[in-house]
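First the structure, in the form of structure tokens, and then the observations on it.
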Amino acid sequence: MSSSPAASARGSRLALLVVGLCWLAVLFDGLDMFIYGSVLPHLLETKTFGLTPDTAGDLGSYATFGMLVGALTAGTIADRVGRKTLMVASVTLFSLASGVCATADSVAVFGLGRTLAGVGLGGLLPTAISMVSDYAPRGRAAIVIGLLMTAHHAGGILSAYVAKWLVDPVGWRAAFWVCVLPLLFAPVLARFLPESLSFLVAKGRTDEARTLADRYDVELPAAKSGKRGAADRWTNLVDLFRGGEWIQTLLYWLASFGGLLLVYGVATWLPTLMRAEGYELGSALSFVVVFNLGGIVGMLVAGRAADRFGAPRISAIWFALTAAGVFLLSVHMPMSVTMVVVFLTGVFLNSAQTMIYATVSIRSHADNRATAVGWTSGMGRFGAVFGPWLGGQLLAAGNGDWGFTAFALAGVSSMVFIGIAAVRGSKEASRGGADQELVSAH
26 MSSSPAASAR
36 GSRLALLVVG
46 LCWLAVLFDG
56 LDMFIYGSVL
66 PHLLETKTFG
76 LTPDTAGDLG
86 SYATFGMLVG
96 ALTAGTIADR
106 VGRKTLMVAS
116 VTLFSLASGV
126 CATADSVAVF
136 GLGRTLAGVG
146 LGGLLPTAIS
156 MVSDYAPRGR
166 AAIVIGLLMT
176 AHHAGGILSA
186 YVAKWLVDPV
196 GWRAAFWVCV
206 LPLLFAPVLA
216 RFLPESLSFL
226 VAKGRTDEAR
236 TLADRYDVEL
246 PAAKSGKRGA
256 ADRWTNLVDL
266 FRGGEWIQTL
276 LYWLASFGGL
286 LLVYGVATWL
296 PTLMRAEGYE
306 LGSALSFVVV
316 FNLGGIVGML
326 VAGRAADRFG
336 APRISAIWFA
346 LTAAGVFLLS
356 VHMPMSVTMV
366 VVFLTGVFLN
376 SAQTMIYATV
386 SIRSHADNRA
396 TAVGWTSGMG
406 RFGAVFGPWL
416 GGQLLAAGNG
426 DWGFTAFALA
436 GVSSMVFIGI
446 AAVRGSKEAS
456 RGGADQELVS
466 AH
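Numbering-wise, the numbering used here comes out as the position in the sequence shown, counting from 1, plus 25.
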């Protein structure tokens with residue numbers, strides 16, 4: 026690594042460019058993800074495509090099913106073709122898929138568009154996390170990942186304003202045309218985003234990786250001993266279960282399942298549930314803004330706390346507080362109190378899930394980091410598929426209040442699983458510093 030102060034400053038600026046590009050990509054990811062929930066009250070009230078709550082829940086699950094496919098394949102594809110290539114392809118795919126939604130003339134076509142968009146959305150996030158992990162300052166990976174995830178919630182805020190400004194005067198299709206615009210960003214990514222250092226090292230392109238590490242003034246990831254860089258993708262997956270790692274892997278997967286059930290259940294149905302409580306559409310969309318503002322604050326706070334105390338511990342505490350907040354939303358409260366509860370729920374909910382990803386990314390070895398994060402995210406997507414469907418079924422049966430209770434119970438389960446992972450990690454650290462990579466070089 027370069028020791029020149031001038032070179033170091035230039036490297037820091039270049040690394041900031043990498044984080045900035047990834048931040049914008051995830052912003053567009055958040056916009057595309059939240060836009061359906063933001064326009065859903067309008068779609069239901071106007072009975073577009075003959076939508077009912079249960080059908081709307083199915084449509085919400087189509088996108089998260091696509092995200093499941095994208096997340097499960099992202100790691101293995103990225104480990105073969107590179108993180109940069111996959112990021113460009115993901116942005117291109119979900120942008121074009123939004124065009125399919127904007128021109129849809131039936132539920133089937135709209136559902137196809139949301140499924141394809143989900144594949145791109147699911148592929149982008151774990152890849153972007155892996156990318157910023159490579160270019161984060163030493164010992165600050167968790168907070169940089171938290172900063173990256175603020176973009177997802179900024180996209181959620183943008184989706185609420187897009188719906189608020191366009192749906193009534195222009196129509197819901199205009200909102201999805203806005204989601205096509207990130208297609209113009211794909212060539213920018215292709216031009217200015219460097220390749221992942223972990224990918225280069227894993228492929229045996231160490232000299233190229235070292236040159237980039239020096240240029241960006243970041244740590245060069247170490248190659249895994251005893252394994253070739255071109256290791257088979259299934260070997261990378263099997264590595265997650267070697268020795269005692271299988272227990273931690275399953276705990277992370279189970280925590281991610283409950284967390285994403287909660288995240289996408291709330292993200293899909295929050296405006297509609299609040300509309301059902303009697304709030305005007307504009308007020309219901311304001312809850313989306315407040316919820317995502319809380320998410321941004323939560324990412325920044327949780328990242329710092331995770332760097333100090335460990336991501337698993339912070340995630341467990343955050344899930345406990347989330348469960349309490351979501352449950353309170355089933356209780357009728359004054360508007361001002363409800364806003365505070367929604368904000369605090371956003372603070373804890375979204376960052377709790379992200380700290381699971383931060384833990385997996387930091388603890389994983391360089392040449393299978395994308396696989397580890399991708400599969401953790403992918404297993405969680407089963408919960409993400411179930412969450413919107415569950416909310417739709419409960420609403421269709423006239424049991425909307427039970428939706429908040431069900432989502433709160435999902436938060437409790439994630440708290441338990443990540444809490445066990447935290448305790449096991451602490452015991453391993455006391456035996457020999459197995460958590461050294463998690464707390465890296467404080």
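Idealized CB from N, CA, C, for every residue including glycine.
Note down, in chain order, each residue of its chain lying with its Cβ closer than 8 angstroms to the Cβ of residue i, except the 5 sequence neighbours on either side.
| i | result |
| --- | --- |
| F90 | T140, G143, R406, V410 |
| L146 | D54, D57, M58, A88, G91, M92, G95, S115, F119 |
| W278 | W400, T401, M404, G405 |
| T117 | G145, L208, A211 |
| V366 | G350, L353, L354, M358 |
| A234 | L222, L225, V226, L245, P246 |
Looking at the structure shown, is residue i part of a helix, part of a strand, or coil, going by DSSP?
| i | result |
| --- | --- |
| P207 | helix |
| D332 | helix |
| V195 | coil |
| R267 | coil |
| A421 | helix |
| T71 | coil |
| M358 | coil |
| R240 | helix |
| H390 | coil |
| P219 | coil |
| S131 | coil |
| L76 | coil |
| K228 | coil |
| D107 | Here residue 107 is Gly; the residue named in the question, Asp, does not match the sequence. G107 falls in the coil class under three-state DSSP. |
| Y87 | helix |
| P151 | helix |
| L49 | helix |
| E233 | helix |
| L276 | helix |
| P66 | helix |
| Y160 | helix |
| L245 | coil |
| Y186 | helix |
| Y304 | coil |
Under a Cβ-count criterion, where at least 16 other Cβ atoms within 10 Å of its own Cβ denotes burial, should residue i be classed as buried or exposed?
| i | result |
| --- | --- |
| Y241 | buried |
| V106 | exposed |
| V64 | buried |
| G85 | buried |
| A255 | The predicted model places A255 with a pLDDT of 45, which falls under 50 and marks its position as unreliable, so this point remains unresolved. |
| D332 | buried |
| F20 | Coverage of the chain is limited to positions 26 through 467, which leaves residue 20 absent and any answer about it impossible. |
| S184 | buried |
| K72 | exposed |
| G350 | buried |
| M380 | buried |
| T260 | exposed |
| L41 | exposed |
| P194 | exposed |
| L76 | buried |
| V203 | buried |
| I342 | buried |
| A219 | Checking the sequence shown, residue 219 turns out to be Pro, not Ala. Its Cβ being crowded by 16 or more others within 10 Å, P219 is buried. |
Within its chain, find whatever has a CB closer than 6 angstroms to the CB of residue i; leave out the 5 residues flanking it on each side and keep chain order.
| i | result |
| --- | --- |
| I182 | V314, N317 |
| A395 | G100, A103, D104, S155 |
| A470 | Limits of the chain in this structure are 26 at one end and 467 at the other, which puts residue 470 out of reach. |
| P78 | G417, L420, A421 |
| F201 | S123, C126, A127 |
| A330 | I339 |
| T297 | L65, P66 |
| G303 | none |
| A161 | V169 |
Assuming the contact rule is C-beta atoms closer than 8 angstroms, residue i and residue j should be a hit. Round their C-beta distance to whole Å, please.
| i | j | result |
| --- | --- | --- |
| L49 | S120 | Contact flag wrong, Cβ pair sits at about 13 angstroms. |
| L276 | I445 | 6 angstroms |
| S376 | G323 | 4 angstroms |
| G55 | G180 | 2 angstroms |
| V169 | V372 | Their Cβ separation, rounded to whole angstroms, is 19 angstroms, which puts V169 and V372 out of contact at 8 angstroms. |
| L215 | V51 | Here residue 215 turns out to be Ala, not Leu, going by the sequence shown. Rounded, the Cβ-Cβ distance is 17 angstroms, inconsistent with contact. |
| L39 | T175 | Not confirmed; about 21 angstroms, so no contact. |
| T236 | Y61 | Going by Cβ atoms, the distance from T236 to Y61 rounds to 43 angstroms, so no, they are not a contact pair. |
| S361 | F429 | So it is not a contact: roughly 19 angstroms between Cβ atoms. |
| M440 | F352 | Incorrect: roughly 13 angstroms between the Cβ atoms, too far for contact. |
| C47 | L173 | 6 angstroms |
| R108 | S221 | 4 angstroms |
| F432 | G290 | 5 angstroms |
| A280 | F442 | 4 angstroms |
| F217 | S131 | Wrong, their Cβ atoms sit about 39 angstroms apart, outside the cutoff. |
Excluding the five sequence neighbours on either side, which residues of its own chain have a C-beta within less than 7 angstroms of the C-beta of residue i, listed in chain order?
| i | result |
| --- | --- |
| K189 | G307, L310 |
| V134 | V125 |
I'd like to know if residue i contacts chain D, where contact means its C-beta is closer than 8 angstroms to some C-beta of that chain.
| i | result |
| --- | --- |
| V326 | Of the protein chains in the structure, only one exists, and it is not chain D. |
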